[in-house]
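Quick note: the sequence shown uses the working numbering, first residue 2, plus one each step.
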Amino acid sequence: MKRIHLIDDDLSIQAAFRHILSPDQFYIDGHIDGTAVLENNFILPDLFIIDKQLRGVDGLDVCSFLKRNAETQSIPIIVLSASPYILRPALAAGADYVLEKPFGIADLRRLVERLIGPTLEPTA
């Protein structure tokens, strides 16, 4: 099962992601800020999804930190933002993709599968 670290201070967004990215296909670790990441206190995931607007630390700073860290630099990062002006700064910080809010459910699923590969369907 693929592991995703979702860093977003909006718990309703975290709940939506858990629903959209089926729990039998992806394990989602939710974080409300970047503290665990900045302190290297986490299990390495297959993908990071980071909101630009976090409490206490900018999501792009978290993204940049991850891309400078030897253990995490090859892990893909999606940055979420409601701003249409975030593309260049996010890519400069090392984001692999920027997903502008609001986004479509099918678009999110396709993007996650493109970045970390499809998961195996559970067997009955």
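Quick reminder that beta carbons are idealized off the backbone N, C-alpha and C, glycines included.
The structure displayed is predicted, hence computed values, not measured ones.
- Kindly list the residues whose CB is nearer than 6 Å to the CB of T73, restricted to its own chain and excluding five residues on each side of it in sequence; keep chain order. L67
- Distance, Cα to Cα, A125 vs A16? Because the pLDDT of A125 is 44, which lies under 50, any placement of that residue in the model is unreliable, and the number read from its coordinates should be weighed accordingly. When rounded, the distance between both Cα atoms is 26 Å.
- If you drop the 5 nearest sequence neighbours on each side, which residues of the same chain put their C-beta closer than 8 Å to that of S65? Correct list, in chain order: A94 and G95.
- Should I78 and Y98 be called a contact, given that it needs their Cβ atoms to be closer than 9 Å? yes
- Start-to-end residues for the alpha helix (DSSP H) that takes in I106: I106 to I117
- Message: Let's test the definition: count the other Cβ atoms within 10 Å of the Cβ of S82 and tell me whether it reaches 16, buried, or not, exposed.
- Response: buried
- Message: Between A37, L48 and F43, which has its C-alpha nearest G57's C-alpha?
- Response: A37
- Query: In chain order, what residues of the same chain have a beta carbon less than 8 Å from the beta carbon of F27, not counting five sequence neighbours either side?
  - Reply: M2, K3, R4, I5, V113 and T120
- Task: Between the Cα of E101 and those of D11, S23 and S84, spot the shortest distance and give me the residue it belongs to.
- Result: S84
- Expected contact under 8 Å - CB spacing of L22 and I29 to nearest Å: 6 Å
- Does the separation of the CB atoms of I51 and I8 fall below 9 Å? Yes, these two residues count as a Cβ contact at 9 Å.
- Taking all protein chains shown into account, do 16 or more other C-beta atoms lie within 10 angstroms of the C-beta of F49, making it buried, or fewer, making it exposed? buried
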